[in-house]
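Before any comments, here is the structure.
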Amino acid sequence: MKVKLYGVRGSLPAPLRNAEYRIKLEEILKRSIASGLKSEDQIASFLDHLPGHLSHVVGGDTTCVRVDSDDGNVYILDAGTGLRPLGDELMAGPWGRGQGKIHIFFTHTHWDHIQGLPFFKPIYIPGNELHLYSPLPDLEDRMAYQTTERFFPMPFHNSASSKHFHQLKKGEPIQLDGGLELDSHPLKHPGGSQAYRFRSDAGTFIFATDAEFTGEDLMSRPDDAAFFDQAELLVMDAQYTLDESFSKFDWGHTSYTMAVNCAVHWKVKNLVLTHHEPAYSDEKIFENFKNAIEHRMALQHTSPRIFLARESAEFDLRSLKSSPAQGA
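Position 256 (the sequence shown) corresponds to 1542 in my numbering; numbering is contiguous.
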């Protein structure tokens, strides 16, 4: 099972602004002078040794995650703006020829988790099958409502793909093609949200965005512990600093500090911090990442390995078992 991130921002898209871009450029140029960079063949090595906030961009698209089973089946989690580039990639395969099946699982239908669907090219190709999953009984109405003529020129049901809606039920796992089993778990978030757990012989992957956890929750919600227990890979909401989470109590999101606490308590093996605050710069987000690692060390734990969610980051559950990859 492989997992690829296409959208990692929370709340609304956050493209790189000119001011932040210039700050990055100035810092990179200063470092190039200090390093004695003299020729083009030194550039790649120089870039590889830059701090993360300079060598990468976190990305500005909202939540979208791709899961590939070992035999090539594709499953999608949420339809934020990251769904558009994912759709562009899929168009090179069966989905561009009207021979593809599309499976999208919705954690909830707040705007930043559905706004990419009208721009997802495969749904406009005749012959493609679109399967949409959620515990919500009215998911079809919600999908149609966002593309009424007041908001979008093409109504949802006028797109050429066939539409199939599946209502999930707590405690009733479903079997997916590719040897995967999926079940869901409710999370604390305004209007509700769902975590999704994929199981295969490669391990367990859990996606838990838009969730608010507190220290009291760790002891008072045993169902959480049972659901998250010893996951090989957990991609989890870590939108705020701890101080900011106090000022935004009941907004439905978690601090990176609490995400680490949860992962340690649940014995998670690899934690990916996602749903980044759109007001944070890349430098601030990488600082949070560093602080999350330091917090885990202060707890005197070497696990979980912690990763920062970045657009296009990929995780192979089989290789995670044998290699530390980029985590810390």
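C-beta atoms are modelled at their ideal positions from N, C-alpha and C, and glycine is treated no differently.
query: Secondary structure of V1351, DSSP reduced to three states; result: strand
query: Q1525 (DSSP reduced to helix, strand or coil); result: coil
query: R1317 - containing alpha helix (DSSP H), residue span; result: N1304 to S1321
query: CB of I1571 within 8 Å of CB of V1344, strictly; result: yes
query: 8 Å contact criterion, which M1479 and T1393 should meet: CB distance rounded; result: At residue 1479 the sequence reads Ser, which differs from the Met that was named. So it is a contact: roughly 5 Å between Cβ atoms.
query: Helix, strand or coil at G1368 according to DSSP, with G and I counted as helix; result: coil
query: Cutoff 6 Å; reference A1611; Cβ partners in own chain excluding five residues on either side; result: Residue placement at A1611 is flagged as unreliable, the pLDDT there being 49, under the threshold of 50; a coordinate-derived value is accordingly withheld.
query: Closest residue to N1547 among D1568, E1569, E1502 and P1564 (Cα-Cα distance); result: E1502
query: Nearest-angstrom Cα separation, counted from K1555 out to R1483; result: 15 Å
query: Spatially closest choice to A1488 from M1505, E1518, H1475 and G1477, by CA coordinates; result: E1518
query: Beta carbon of Y1361 nearer than 8 Å to that of L1454; result: no
query: Simplified DSSP assignment, three categories, for V1550; result: helix
query: Integer Cβ distance of G1366 from D1354, believed to fall under 8 Å; result: Not quite, the Cβ-Cβ distance comes to about 19 Å (not below 8 Å), so this is no contact.
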